[in-house]
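J.: Keeping their order, the protein sequence lines are chains A and B.
Position 82 of the first sequence, counted from 1, bears residue number 72 in our numbering, the numbering being contiguous throughout.
Position 96 of the second sequence, counted from 1, bears residue number 86 in our numbering, the numbering being contiguous throughout.
Number of protein chains: 2
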Amino acid sequence: MEAALRAIAGPRRRRILALVRDDELSAGEIAAQFDVTRPAVSQDLTLLKEAGLVTERRNGTRRLYRVRPEGLAPLKSFLDEFWDDRLEALKRESEREERKKRGRRD
Amino acid sequence: MEAALRAIAGPRRRRILALVRDDELSAGEIAAQFDVTRPAVSQDLTLLKEAGLVTERRNGTRRLYRVRPEGLAPLKSFLDEFWDDRLEALKRESEREERKKRGRRD
DNA sequence: ATCTAATGTAAGCTTGACCTAACGTTAGAA
DNA sequence: TTCTAACGTTAGGTCAAGCTTACATTAGAT
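1) Taking buried to mean at least 16 other C-beta atoms within 10 Å of its own C-beta, is residue 41 of chain B buried or exposed?
2) Please name the residue, chosen from A/59, A/-5, A/28, A/67, that lies closest to residue 72 of chain B on a Cα-to-Cα basis.
3) Return the CA-CA distance between residue 44 of chain A and residue 15 of chain A, expressed in angstroms with no decimal places.
4) Which full runs of the alpha helix (DSSP H) of 4+ residues lie inside the segment 35 to 76 of chain A, going along the chain?
5) Which of the three DSSP states is assigned to residue 8 of chain B in this structure?
6) With distances taken Cα to Cα, identify the nearest neighbour of residue 50 of chain B among B/17, B/-5, B/70, B/36.
7) If we count the other Cβ atoms within 10 Å of its Cβ and call it buried at 16 or more, is residue 57 of chain A buried or exposed?
8) Is residue -8 of chain A close to chain B, meaning its C-beta is less than 8 Å from at least one C-beta of that chain?
9) Quickly, what does DSSP pair residue 15 of chain A with across the bridge? List them, please.
10) According to DSSP, is residue 79 of chain B part of a helix, a strand, or is it coil?
11) Judging by CA-CA distance, which residue of A/-6, A/22, A/75, A/37 is the nearest neighbour of residue 10 of chain B?
12) Which of the three DSSP states is assigned to residue 23 of chain A in this structure?
13) Consider the Cβ of residue 79 of chain A: report whether some Cβ of chain B lies at a distance smaller than 8 Å.
14) Return the chain-ordered list of same chain residues with a C-beta closer than 8 Å to the C-beta of residue 68 of chain A, the five sequence neighbours on each side being excluded.
15) Count the other CB atoms, across all protein chains shown, that sit within 10 Å of the CB of residue 25 of chain A; report buried if there are 16 or more and exposed otherwise.
16) Are the Cβ atoms of residue 35 of chain A and residue 55 of chain A separated by less than 8 Å?
17) Helix or strand or just coil, what does DSSP make of residue 95 of chain B?
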């Protein structure tokens, strides 16, 4: 998850993810969307691949990239758990408050 | 969301978030959980606060921190949308495949 | 007023991120 | 084979992240 987080921390990498979410695109097609040099985008792609967020498929001299949604699953789980646990904590808190009130009345 | 991402990219900051998720803790209590110096943790707390992930409440000379779950909401939305859109894309893909098959048969 | 406890802030160093320019590599065309 | 297209990789420079030490600040206690 660590790597995935660092990967999507870069705005351009998030845009790349969006690009290859629906369609399989070549490195060149992806790079053409941005102002930076092609090697810069190539490095982004390498990073995304190492983070498990995209897959690479070679076809002749071209390399086609596509999103790999499972890569974001751990992060999604982390957030969902965080939410659930937080709701649990809130529940415990309000119950504690409730007991306090009752105690006062008794 | 940018700031939130950079904030939770640090493992220690994620641990801090977990610490103050259920209980309100002072900077000192939080710093005591880690090996780095107190200023380092203080900087982490500042970062988390600026990212909107925790709230700070002063009580005398102490500062109490608590998680602010809304801070992670944008990131959660981003991931959820990503998932939904991805599912949509898959659906469109399979429909396209389906049409191809039918076309072949006709 | 002074002293102390609990923190934040600033300066300085080290390490890693990121970009560009130059070079290496692989697959297909001529 | 030779040439070319499409990429990746390396070297090097710049800027930001992150840690530590030293200093500043704020709120109570004496």
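Note that the Cβ used here is the ideal one computed from N, Cα and C, for glycine as well.
Source: prediction; values computed, not measured.
T.: So, from the listed chains and residues:
1) Walking along the second sequence from the start, residue 41 of chain B turns up at place 51. Classification for residue 41 of chain B: buried.
2) On the second sequence, position 82 is the one that residue 72 of chain B refers to. Sorting A/59, A/-5, A/28, A/67 by C-alpha distance to the C-alpha of residue 72 of chain B places A/59 at the top.
3) Along the first sequence, read from residue 1 onward, the residue named residue 44 of chain A stands at position 54. Along the first sequence, read from residue 1 onward, the residue named residue 15 of chain A stands at position 25. For residue 44 of chain A and residue 15 of chain A, the distance between alpha carbons rounds to 11 Å.
4) Counting whole runs of 4 or more residues, the segment 35 to 76 of chain A contains no alpha helix (DSSP H) stretch at all.
5) Counted from its first residue, the second sequence places residue 8 of chain B at position 18. If DSSP states are grouped into helix, strand and coil, residue 8 of chain B belongs with the helices.
6) On the second sequence, position 60 is the one that residue 50 of chain B refers to. Put simply, of B/17, B/-5, B/70, B/36 the residue whose alpha carbon is nearest the alpha carbon of residue 50 of chain B is B/17.
7) Counting from one through the first sequence, the residue named residue 57 of chain A turns up at place 67. Counting Cβ neighbours within 10 Å, residue 57 of chain A comes out buried, since at least 16 surround it.
8) The sequence position of residue -8 of chain A within the first sequence is 2, counting from 1. Closer than 8 Å to some Cβ of chain B, the Cβ of residue -8 of chain A qualifies, so yes.
9) Working through the first sequence from its first residue, we reach residue 15 of chain A at position 25. Bridge pairing for residue 15 of chain A: A/55 [DSSP].
10) Translated into positions along the second sequence, residue 79 of chain B becomes position 89. Residue 79 of chain B falls in the helix class under three-state DSSP.
11) Taking the first residue of the second sequence as position 1, residue 10 of chain B is located at position 20. When each option's Cα is compared against that of residue 10 of chain B, the closest is A/75.
12) Within the first sequence, residue 23 of chain A is the residue found at index 33, counting from 1. Secondary structure at residue 23 of chain A: coil, using DSSP grouped into helix, strand and coil.
13) Numbered from 1 along the first sequence, position 89 holds the residue referred to as residue 79 of chain A. At a cut-off of 8 Å between beta-carbon atoms, residue 79 of chain A makes contact with chain B.
14) Start at 1 with the first residue of the first sequence, and residue 68 of chain A comes out as number 78. Closer than 8 Å at the Cβ level, and outside the excluded window around residue 68 of chain A, lie -9.
15) For the purposes of this step, residue 25 of chain A is taken as residue 35 along the first sequence, with counting starting at 1. With fewer than 16 other Cβ atoms within 10 Å, it is exposed.
16) Sequence index remark: in the first sequence, residue 35 of chain A carries index 45 (1-based). Sequence index remark: in the first sequence, residue 55 of chain A carries index 65 (1-based). Yes, the Cβ-Cβ distance between residue 35 of chain A and residue 55 of chain A is below 8 Å.
17) Residue mapping note: residue 95 of chain B aligns to position 105 of the second sequence, counting from 1. In this prediction, residue 95 of chain B has a pLDDT of 49, which is less than 50 and means its spatial position is unreliable; what the coordinates show is noted afterwards. Looking at residue 95 of chain B - three-state DSSP - the assignment turns out to be helix.
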